[in-house]
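Asks: The sequence shown: position 38 = 37 (numbering that gives the first Met the number 0), numbered continuously.
C-beta atoms are modelled at their ideal positions from N, C-alpha and C, and glycine is treated no differently.
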Amino acid sequence: MRISSDEKKAFSDVILKYVIPPAELRLFGSRADDSAKGGDIDLLLIVESDAIRSTIAFNKADILSEIKTIIGDQKIDLVITTREKMQSDAFLQSVYPGSVLLEQFE
0 MRISSDEKKA
10 FSDVILKYVI
20 PPAELRLFGS
30 RADDSAKGGD
40 IDLLLIVESD
50 AIRSTIAFNK
60 ADILSEIKTI
70 IGDQKIDLVI
80 TTREKMQSDA
90 FLQSVYPGSV
100 LLEQFE
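1) Within the same chain, show all residues whose beta-carbon is closer than 8 Å to that of Ala56, passing over the 5 residues directly before and after it, in chain order.
2) Classify Ile19 as buried or exposed, calling it buried when 16 or more other Cβ atoms lie within 10 Å of its own Cβ.
3) For a test of the three-state rule: what should DSSP assign to Val103, helix, strand or coil?
4) Is Ala50 helix, strand or coil when you go by DSSP?
5) Between Phe10 and the ligand GTP, is the CB less than 8 Å from at least one heavy atom?
6) Given this structure, state the Cα-to-Cα distance separating Gly37 from Glu47, to the nearest angstrom.
7) When the Cα atoms are used, what is the spatial distance from Arg52 to Gly71?
Here is the structure:
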């Protein structure tokens, strides 16, 4: 995993302000692979319901802005989904196995 502990803490702390547990935050893409180079930060937030997903999606720009204020201006992609939606999304099904759990919100 190619993110610092400070970055991981920033992701978790900011998202915790918006998320309603249970939820999990995962890192996927090239930053989840120690052998890869470069790349943006791809975050996957899995929440319990579509209502929670919609609320967080509405605040996505604020979430990313807060994170960038803490860690600096980096390319960050935040994908917000539910377990149910993951079952029918081929892209999410393909990235999930290689993703790294950053935080389990209980």
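Replies: Judging by the given coordinates:
1) In the sequence shown, counting from the first residue as 1, residue 56 sits at position 57. Once the five neighbours on either side are set aside, the close Cβ partners of Ala56 are Ile79.
2) Counting from 1 along the sequence shown, the entry for residue 19 is found at position 20. Ile19 should be labelled exposed.
3) What you label residue 103 is simply residue 104 of the sequence shown in a count that begins at 1. Before going on, a small fix: residue 103 reads as Gln here, not Val. If DSSP states are grouped into helix, strand and coil, Gln103 belongs with the strands.
4) One-based indexing of the sequence shown puts residue 50 at position 51. Correct three-state label for Ala50: helix.
5) Among the components of this structure there are no ligands whatsoever, and the ligand GTP is therefore not found.
6) Indexing the sequence shown from 1 puts residue 37 at position 38. Indexing the sequence shown from 1 puts residue 47 at position 48. Between Gly37 and Glu47, the C-alpha separation is close to 32 Å.
7) Sequence index remark: in the sequence shown, residue 52 carries index 53 (1-based). Sequence index remark: in the sequence shown, residue 71 carries index 72 (1-based). C-alpha separation (whole angstroms): 26 Å.
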